[in-house]
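**Q** So in the numbering used here, spot 125 of the sequence shown is number 129, and the numbers just go up one at a time.
Glycine included, each C-beta is placed from N, C-alpha and C at the ideal position.
Computed from a predicted structure; not experimentally measured.
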Amino acid sequence: MSMSDLKARDLMKTKITSVRPDEKVAAVDLLMVRKSLGGVPILQYETDKLVGIVTQRDMMLSRFRTSIAGMTVENLMTKNPITVSPDVSIKELLGLMLSHRIERLPVIDNGKLVGIIEPDSILKAVYQTISSDPKI
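1) One question on the structure: do L15 and L97 come within less than 9 Å of each other, judged by their Cβ atoms?
2) Given a threshold of 16 other Cβ atoms within 10 Å of its Cβ, counted over all protein chains shown, does P110 qualify as buried or as exposed?
3) Would you please state the rounded distance, in angstroms, between the beta carbons of I112 and L54? I believe it to be under 8 Å.
4) In three-state DSSP terms, what is L109?
5) Given this structure, state the Cα-to-Cα distance separating M68 from A30, to the nearest angstrom.
6) Would you check if the distance between the CB atom of D33 and the CB atom of M63 is smaller than 9 Å?
7) Going by DSSP, which residues form a beta bridge with S22?
8) Per DSSP, which residues does L56 bridge with? Please list them.
9) Among V92, M101, G56, G99, which one has its Cα closest to the Cα of P25?
10) Helix, strand or coil: how does DSSP classify T51 here?
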């Protein structure tokens, strides 16, 4: 498989830790630290629809607020994050990530979160692709 053949489905992680909008910022921060997560998708209760994403950067910035006690991730998350379908090319998804300065890209199929693309999953796929090329 060449680099230009790579799609979101080839790069995405499918084991996703997600949280609900009403979870406390402190609890989600602890979860992210314990699981070494750079970000977590926020899913709506009734539908499991992606409604937001919260990142380590969001958590770091929240520490400078005067009162985060009792605050929920709904107040902190990026609402309606940029997403891609599983068939989006690596070129297109990298373009989105660079132009919007984001490190996590949720993958949505038929309205459901099916994966997430993160920097390490991209690096792994790139490494595997160039490692199998005898010219490199």
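**A** From the atom records:
1) Between L15 and L97, the C-beta spacing is below 9 Å.
2) It is buried - the Cβ of P110 has at least 16 other Cβ atoms within 10 Å.
3) Between I112 and L54 the beta-carbon gap is near 6 Å, inside 8 Å, which marks them as a contact.
4) When secondary structure is reduced to three states using DSSP, L109 falls in the strand class.
5) In the sequence under discussion, the amino acid at residue 68 is Phe, which differs from the Met named in the question. Computed Cα separation, rounded: 13 Å.
6) Yes, Cβ-Cβ distance for D33 and M63 is below 9 Å.
7) Beta-bridge pairing links S22 to no other residue.
8) First, the residue type needs correcting, since residue 56 is Gly and not Leu in the sequence shown. I46, K83.
9) With distances taken between Cα atoms, P25 lies closest to G56.
10) Note: T51 maps to coil in three-state DSSP.
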